[in-house]
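Undergrad: The structure is given below, and queries will be raised subsequently.
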Amino acid sequence: MTVSLYEAEPAGRHAAVPTGSLFRRIYAPRACDALAYSMATYAMPLVVLATTGSASLTGLAFALEWIPRVAAFGFAGALVDRSGAAIVCFLASLARALLVAGGAAALAALPPGTAETVTVMALAAVTGALTQFGFIANEAVGAVVSRRLSGRSHKVQSVLIGIDQTATLVGPALGGVLLLTGPTRMLACLSVLSFLSAGLALQTPPTPLRPRHGRPGPGGGLREGWRTLRSLPSLRRLVAGLACSNLLLGLLQSASPVLVEERFGRSAAAVGTLWSVAAAATLVAVACCRLALDRLGLWGVGVISATVAAAACLAVPQAPSYTGYAALVALFMAADGGLTVVLRTLRSLVIPPAAFGTTLSLTVLLLLLPFPVAGVLLALTPPSLLADVIGGCALVQALTLLVTFTRLRSDPVLRATASARPGDRPRA
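By my numbering, the letter at position 134 of the sequence shown is numbered 134, and the numbering carries on one by one without gaps.
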């Protein structure tokens, strides 16, 4: 099929421009939910490790947290289209707040043992699914409002990106520090954030509902997205390469509590600090990539980011100290931020407007699948072999990215100068 580099905005549902302030109706709800999302993603494995003391159960909890997220993705998107983003975010945040509060009370009352382990594992799984519903609802609000504000859409998206990155910066550190006082206080803080997010969700502007013309068969949207993705070789190859990179990202996310506490002898707060530093590096890298796109184009930025990411990951298993490990992870996350800019810019350029929603859903789903796989991999790996497994995955990642960008070298879209804005929220 013929692909135009600059297509019209995707058709679909649009939200009215909010009558209240953007801060109250868009930015504040996004900030609160993003902070809860960050704490749930990065701090829940720490809760499991602090409660059970088991590296295998930490990996299993990471898988249990991500499997429901992946499974809920298609259903959550359809629910937002049917019922509206505000009510979906409200109900998901309220349910998460109540469940986390109940989990905190249970952990305070239960003695150490099987019941405590089952409670924290179930809590990780349920919060993962509910967090994904809120994430998709907030993404829908941000996307449709920015499209309506045609003259200010770039500014709105820039603020939303800054909110997301700041939450990723603060969330892990906050969770790690609170965990020093015990899992109960960390969960109590997450519950308060979730209650606040539920209240703010009701102030977000409405997202008009998509009319239903008949009842689509199961998986019909994903099948349509798959057909579109197969017709876009550049996007297909990039998604495959970045999915492999996400496997290593997921492995580092799930294994870092084990490595930092057992290998380097640091506390849970050091794990949170690690991811906060990595988020700060990502924020700087994304800003630099925006400037570099005009000079180097998508392919140039992608090659540089892929090279840095592969080199950092290959060096991670040999990190001699916590400082070296943190620096390498931050370098990898910065390069991963550059790859994210390339992916999201390419995605906005090549996906046909009529198939934008279904193809976007499929690409995000494919990029999420490696995270539960990483959790299972950690659960099956003895701690003594963890560095070897990370090194093997890093080698596979380096080879995959090499093949990906070699095949994309002559692609006209990747070679074009990216004048379209990149939507560079972290891949999730």
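Even for Gly, the Cβ is constructed at its ideal location relative to N, Cα and C.
May I ask you to report which of helix, strand or coil DSSP gives Ser231?
TA: Correct three-state label for Ser231: coil.
Undergrad: Pick helix, strand or coil for Ala188, following the three-state DSSP scheme.
TA: If DSSP states are grouped into helix, strand and coil, Ala188 belongs with the helices.
Undergrad: Expressed to the nearest angstrom, what Euclidean distance is found between the alpha-carbon atoms of Cys189 and Arg344?
TA: One C-alpha to the other measures close to 33 Å.
Undergrad: Here's the rule: buried if 16 or more other CB atoms are within 10 angstroms of the residue's CB, otherwise exposed. What is Ala240?
TA: Exposed.
Undergrad: Taking Gly338 and Cys289 to be in contact with their CB atoms under 8 Å, please state how far apart those CB atoms are, rounded to whole angstroms.
TA: Indeed, because the Cβ distance is near 5 Å, the residues count as touching under 8 Å.
Undergrad: Check for me: the alpha helix (DSSP H) holding Gln397 runs from which residue to which?
TA: Element bounds for Gln397: Leu386 to Arg407.
Undergrad: Within this structure, are the beta carbons of Ala140 and Ala31 separated by less than 8 Å?
TA: No, Cβ-Cβ distance for Ala140 and Ala31 is not below 8 Å.
Undergrad: Sorted by chain position, which residues of the same chain lie with C-beta nearer than 6 Å to Thr117's C-beta, five sequence neighbours on each side aside?
TA: So the qualifying residues of the chain are Thr52.
Undergrad: Buried or exposed: where does Pro382 fall if 16 or more other Cβ atoms within 10 Å of its Cβ makes it buried?
TA: Burial call: exposed.
Undergrad: Just how far apart, CA to CA, sit Leu293 and Leu368?
TA: Distance between the alpha carbons of Leu293 and Leu368: 26 Å.
Undergrad: Distance check for Ile390 and Leu252, CA to CA, integer angstroms please.
TA: Roughly 8 Å separates the two Cα atoms.
Undergrad: In chain order, what residues of the same chain lie with their CB nearer than 7 Å to the CB of Ile67, ignoring the 5 residues before and after it?
TA: Excluding positions up to five away in sequence, the list reads Pro372.
Undergrad: Which stretch, first to last residue, makes up the alpha helix (DSSP H) that contains Val100?
TA: Where Val100 is concerned, the enclosing alpha helix (DSSP H) stretches over Ala85 to Ala109.
Undergrad: Between Ala71, Leu180, Phe62 and Phe90, which has its C-alpha nearest Ala122's C-alpha?
TA: Looking at the Cα atoms, Phe62 is the closest of the given residues.
Undergrad: Between the C-alpha atoms of Leu408 and Asp336, what's the straight-line distance to the nearest angstrom?
TA: Roughly 18 Å between the two C-alpha positions.
Undergrad: What are the uninterrupted segments assigned as alpha helix (DSSP H) that are 4 or more residues long and contained completely in the segment 221-271, given in chain order?
TA: Segments of the alpha helix (DSSP H) lying fully in the segment 221-271: 233-258.
Undergrad: Take Ala76 as the anchor and find which of Gly171, Ala270, Phe133 and Ala95 has the nearest alpha-carbon.
TA: That would be Phe133, whose Cα lies nearest to the Cα of Ala76.
Undergrad: Return the Cβ separation of Tyr37 and Phe135 in integer angstroms, given the expectation that the two are a contact with Cβ distance under 8 Å.
TA: Yes, they are in contact, since the Cβ atoms of Tyr37 and Phe135 sit about 6 Å apart, within 8 Å.
Undergrad: In this structure, does DSSP put Thr435 in helix, strand or coil?
TA: Given that the chain is displayed from residue 1 to residue 428, the structure contains no residue 435 and the question cannot be resolved.
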